[in-house]
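The numbering of the sequence shown is the working numbering, which starts it at 28 and goes up by one. We treat Cβ as the ideally placed atom computed from N, Cα and C, and that holds for glycine. In this text, all values refer to a predicted model and were calculated from it rather than measured experimentally. Everything below concerns the one structure shown next.
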Amino acid sequence: MVYRAEYIWIDGTEPTVQLRSKTKVVADGEALGIWGYDGSSTNQATGDNSDVVLQPVFQCPDPIRGGNDVLVLCEVALSADFSPHPTNTRAAARESLEKYGSQEPWFGFEQEYTMLDPVTGWPAGFPEGGFPAAQGPYYCGVGAEKISGRELVELHTTWCIEAGLQISGTNAEVMPGQWEFQIGPVDTVSVGDQLWMARYLLYRAGELFDVAISIDAKPMKGDWNGAGMHSNFSTKAMRESYAAVETAAQSLGAPGKPEEHLLGYGAGIEDRLTGAHETQRYDQFSYGVSDRGASVRIPWQVARDQKGYIEDRRPNANADPYVVATLMTNTCCEALV
Ligand code: ADP
Ligand code: MN
Ligand code: MN
Ligand code: MN
28 MVYRAEYIWI
38 DGTEPTVQLR
48 SKTKVVADGE
58 ALGIWGYDGS
68 STNQATGDNS
78 DVVLQPVFQC
88 PDPIRGGNDV
98 LVLCEVALSA
108 DFSPHPTNTR
118 AAARESLEKY
128 GSQEPWFGFE
138 QEYTMLDPVT
148 GWPAGFPEGG
158 FPAAQGPYYC
168 GVGAEKISGR
178 ELVELHTTWC
188 IEAGLQISGT
198 NAEVMPGQWE
208 FQIGPVDTVS
218 VGDQLWMARY
228 LLYRAGELFD
238 VAISIDAKPM
248 KGDWNGAGMH
258 SNFSTKAMRE
268 SYAAVETAAQ
278 SLGAPGKPEE
288 HLLGYGAGIE
298 DRLTGAHETQ
308 RYDQFSYGVS
318 DRGASVRIPW
328 QVARDQKGYI
338 EDRRPNANAD
348 PYVVATLMTN
358 TCCEALV
C-alpha cells in the first residue's frame, strides 16, 4: 500500500515569500526522505543550476485527505552541501532556540488575514465595486449583514485541530472580510512551523470556497484597518516576574532595535503602522499597559498578576514568523540573561 505526503516549503518570492507544495506517493514503511524541486521557478536558483533540496522538518496528519496521508513542512537546502538556502529563515530560528532555549521562550501569534474575490481582488462583504458601512459592527460580529466567510473559518479551525496544531482561537476582525486565528503558545521554532502549516491549510480552505486569502498588511487603503500578526512573547522569567516583563518590553526599544526589527516585520510596514487604527507609528517606539496604540502592549491581566507576557503589535500579517520569532528571542533573551 502507499500513502500521500504533501511536501510544503517556502519560496523566494519578493517582497513577501509564498508557500509552495507538491505531492509524493510513498510506500508504507518507506522513510519520507529528502526531495527536490526546480528552484528557478520559485526565485531560489538560476536555470543552469536549478536543483534545490527539500529536507522534511515537521509533519502532521493531513486533515484534507485524511487516512494515513501527511503534510510535511520542509527546510530548503543547497544541493552542493545541504547547507541552508539563503531564503531558509528557519535555520536562524533553530540557532536562536539553541542559544536561548534554557530561558524557555514561548510565542503566540495572532494571524490576521483578508478574504478576497479571486478574480476582482475585492474583499468579501464589500459590495461589488463599492464600500460597506464604516467599521464598528464587524469586529467579533454576528449576523449575515456583518459577517462573510464564517464557514471557511470553521473548516480551517477544524483542520488545524485535526492536524494537531495548537490553534488557540479565532475571531472576526474590524474590517469586513477580515479574520484572525491564533497559534500558540509554543517555542521559537514550533510557532513558525505551526503558523506556516496553518497558513497552508487556510489557503487550501480558500480553494474549496473560491476565496483568495490575502495576508497583505493594508489590503484596503483609507479608513480601513490593516492586517497584523501581533506577536505575544514570554520566557520562564517573564512568566514568574513583572520586572522581567518590563525588561523584555524595554529591550525592544533599545537604540537601533526598532529599526532592526521593522526590517523583519513584513513588507509595507509604513503603510500599516500609521499611528491610526490601533497602531503606533513605525518611526516611534512605546510600550504600555493595555495600550493598543503602543508598539508593545502589556496586557492588563499581566500588570494585575505581576507576571506573564508582552505583545509586540508591530509585525505585519505578511511577516515571516520564523524571522519575527528569531528577532524577538534574540533581543529579549539577550537582555534577560
Ligand atoms: P488579543 O487580546 O491581543 O486579541 P489574543 O487572544 O488574540 O489576544 O491572542 C493572545 C495570544 O497570546 C494567544 O496566541 C496565546 O496563545 C498567547 N499567549 C498567552 N499566554 C502567553 C504566554 N505566556 N507567552 C506567549 N504567548 C502567550
Ligand atoms: Mn487577537
Ligand atoms: Mn486582531
Ligand atoms: Mn493582539
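In the DSSP annotation of this structure, the continuous segment of the beta strand (DSSP E) that includes Lys51 starts and ends at 46-54.
Taking each of Glu33, Tyr30, Ala32, Thr43 in turn and checking the Cα distance to Ile296, the smallest one comes out for Thr43. The C-alpha of Leu235 lies about 18 Å from the C-alpha of Gln205. Around ligand 2, the residues whose beta-carbon falls short of 7 Å from at least one of its heavy atoms are Glu137, Asn198, Glu207, Gln209, His257, given in chain order.
Taking 4 residues as the minimum length, the alpha helix (DSSP H) runs contained wholly in the segment 270-334 are 284-290, 296-299, 327-332, in order along the chain. The closest CA to that of Asn252, considering only Val238, Ala171, Tyr140, Pro285, is found on Tyr140.
Note on the segment 169-198: whole alpha helix (DSSP H) runs with a minimum of 4 residues are 177-189, in chain order.
Leu363 carries a helical assignment under DSSP once its states are collapsed to helix, strand and coil.
By the Cβ criterion, the segment 53-71 is in contact with the segment 99-119, since at least three pairs of Cβ atoms, one from each stretch, lie closer than 8 Å.
Assignment of beta strand (DSSP E) within the segment 62-115, counting only whole runs of 3 or more residues, yields 62-65, 78-88, 97-105 in chain order.
In this structure, the alpha-carbon of Leu179 lies about 27 Å from that of Tyr292.
Within its own chain, the residues whose Cβ lies closer than 8 Å to the Cβ of Gly191, once the five positions on either side in sequence are excluded, are Cys87, Pro88, listed in chain order. At a cut-off of 7 Å, the beta-carbon of Glu338 counts as near ligand 4: some heavy atom of the ligand is closer than that. With 16 or more other CB atoms across the displayed protein chains lying within 10 angstroms of its CB, Leu222 is buried.
For Ala303, the closest C-alpha among the options Asp250, Glu181, Lys263, Pro326 is that of Asp250.
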